[in-house]
Amino acid sequence: MKNLLLTALGSLSALPLWAQQHPNVLLIIADDLGYGDVSAYGSQTISTPNIDRLARGGVCLTNGHASSATSTPSRYGLMTGIYPWRKKANILPGDAPLIIGEEQFTIARMFQNAGYRTGAIGKWHLGIGQGKVDWNHTIKPGPNEIGFDYSCILPATVDRVPCVYVENGDVVGLDPNDPIEVSYKKNFEGQPTGVTNPELMTRVTPSHGHNNTVINGIPRIGFMRGGKTALWKDDEMANFLVDKVKAFLDLQNGEQPFFLYYGLHEPHVPRIPNPRFEGSTTMGPRGDVIVEADWCVGEVIHKLEEKGLLENTIVIFSSDNGPVLDDGYNDQAAELVGNHDMNGGYRGGKYSLYEAGTRVPFFVYWKGHIRPVTSDALVAQQDLLASFASMLGQSIPEGLDSENHLKAFLGKTKKGRKGMVIEAVGRLGYRTDEYALLPAYKGAKRSITGNEMGIVDTLSLFDLRSDRMQELNVIGKHQKLAQKMQAALEAERIK
Ligand code: NG6
Ligand code: CA
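The opening position of the sequence shown corresponds to residue 3 in our numbering, with each subsequent residue numbered one higher.
Shown next, in the form of structure tokens:
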């Protein structure tokens, strides 16, 4: 083993210096994948060998967080290095304007400044256009206006219209004679919905919401008309996006390093695996699409290998927020989950301020450059911006919430953040490496999704070392610490 490691590390020096100092960076962000959904942390119920390879061969972060427990805010933090609640970022509809200003600094812009070729492929969910989007002409601003040289995105979520890909601002495969119309307010005349025409829902039916326009047998959020030739095929989405990633990598000419953000759409609803993954778990579609996501990761890693790029590419894998079972469709996620613990022993999940809302799978892999290590350093996705900026000697604006933890990301220290604000559907909490301070808030004991959201009766302090499930409020015992954390949260809030 030791010899193998030495050989691997020894081969580094073969890399040209520019590649060591300016490695490619591939950032893979899954959608709603839980800490316990990957086998890398010890779960035996779903096997994710390709993702595990990154974890086992790199830095396996056990205290890595998204900045929020839902997608739009989480991705806002990742892209801008700013806490999303400062911007009041919340889950966006499919026709929402881009929430990142064209003048704003982004992680993509930072890489561009450092001479990188940049790309964004897959789930976006940060808005597009300036409002009242005309889907039939080039849409601006989008990823290309905030630092990406190339983009091919699904604008919002798979369960929201429009169900089309947008490549460099243009809807892919659009027939100008069949223009696209989108509304989140009212339906278009004569357009069937899941309510008026339930017989159209041949693929899956809604458990809540998701009863507007039906596309590919799946009812969605929002109304859409036209664009028939441009509609994505749900069960081909994984293949489509993987092919786009491969095509992006094929254009690497060896002179310019790349930064690629790859937003996997799995395992967000609707969960429609490609037929070859159907039945690959006993958990129904939710399990099967996780296996599919793992395949996607494998395909991309193999492509890097094939092109001889793997040793000068840092691959980061994480998820935008915690997991959920029923998120609006009758897909048997809850019924078939068995003893699979998607939360990895933590409380809460997507939408929740409890730990499983933001503590997500987080791995940093750099073949031959990183000694495999498991690290409990507290780090967050918004820290990637400042960390890579420091690696590349790039300056970043003052006042960001992004902290430089490059050493933690590369496994050279197990020290990370001292503290950080966490957010779930607009509510804020505070984390240190060992404790969580959660405010009292009212609200349903359980969300409609079944995930716990608002059951904090009183301001609570949890010791995560001894109490993963956050059942024991220790605020009485640690008044001073709680006050300090409360003050730190307040200081951030008014900054
Ligand atoms: C919710 C949707 C849920 C999902 C979520 C966004 C309903 C009832 N629920 O409003 O299905 O789309 O938004 O998920 O419509 S996220 O991961 O992109 O944040
Ligand atoms: Ca998500």
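Ideal Cβ positions, reconstructed from N, Cα and C, are used throughout, including at glycine.
Model, not experiment: these values are computed from the prediction.
beta-carbon residue i near ligand 2 non-hydrogen atom, thresh 7 Å
| i | result |
| --- | --- |
| S73 | yes |
| D34 | yes |
| H270 | yes |
| N323 | yes |
Span of the beta strand (DSSP E), counted from its first residue to its last, around residue i
| i | result |
| --- | --- |
| A438 | Y437 to L440 |
| G124 | R119 to K125 |
| M239 | No beta strand (DSSP E) contains M239, which is instead part of the alpha helix (DSSP H) from M239 to D252. |
| E280 | Element bounds for E280: n/a, residue is neither H nor E. |
Terminal residues of the alpha helix (DSSP H) in which residue i lies
| i | result |
| --- | --- |
| V299 | P287 to E308 |
| S389 | D385 to L394 |
| G59 | P51 to G59 |
| M203 | Taken as a continuous stretch (DSSP letters only), M203 belongs to no alpha helix (DSSP H), as it is neither H nor E. |
| F411 | L408 to F411 |
| R429 | That residue, R429, is in no alpha helix (DSSP H); its beta strand (DSSP E) goes R429 to T434. |
| E494 | Q481 to I496 |
Residues near residue i in its chain [Cβ-Cβ closer than 8 Å; skip 5 each side]
| i | result |
| --- | --- |
| N189 | T195, N214, T215 and F225 |
| I84 | Y78, Q384, L402, D403 and S404 |
| L94 | T74, I101, H127, L128, G129 and A158 |
| Y437 | L463, F464, D465, L466, H480, L483 and M487 |
Which residues DSSP lists as bridging residue i, in chain order
| i | result |
| --- | --- |
| N26 | T315 |
| E257 | None; E257 has no bridge partner. |
| V168 | I155 and V173 |
| M226 | V184 |
| V216 | P221 |
Nonlocal neighbours in the same chain, by C-beta distance under 6 Å from residue i, ignoring five residues either side
| i | result |
| --- | --- |
| I318 | L29 and V366 |
| S321 | A32, L35, V362 and P363 |
| T434 | G421 |
| I450 | Per-residue confidence for I450 stands at a pLDDT of 48, beneath the threshold of 50, marking its modelled position as unreliable; the derived number appears in the next sentence. Correct list, in chain order: H210. |
| M344 | G36, G38, D39 and P325 |
Ligand 1 heavy atom lying under 7 Å from the CB of residue i
| i | result |
| --- | --- |
| D161 | yes |
| G211 | yes |
| I53 | no |
| I93 | yes |
| I274 | no |
| I101 | no |
| H1 | No information on residue 1 is available, as it lies outside the stretch 3 to 497 that the chain covers here. |
| I220 | no |
| H127 | yes |
| G330 | yes |
| I141 | no |
Nonlocal neighbours in the same chain, by C-beta distance under 7 Å from residue i, ignoring five residues either side
| i | result |
| --- | --- |
| N179 | none |
Given 8 Å, three or more beta-carbon pairs between the region 353-370 and the region 65-75: yes
Three or more C-beta pairs below 8 Å linking the region 208-226 and the region 149-156: no
Three-pair Cβ contact test at 8 Å for the region 139-146 versus the region 177-185: no
Inter-stretch contact (C-beta, 8 Å, three-pair minimum) for the region 253-266 and the region 274-290: no
Inter-stretch contact at 8 Å, needing at least 3 Cβ pairs: the region 327-335 / the region 370-388: no
Stretch pair the region 297-315 + the region 238-256: three plus CB contacts closer than 8 Å: yes
Sufficient close CB pairs (3 or more, under 8 Å) joining the region 45-57 to the region 385-400: no
Stretch pair the region 287-298 + the region 345-356: three plus CB contacts closer than 8 Å: no
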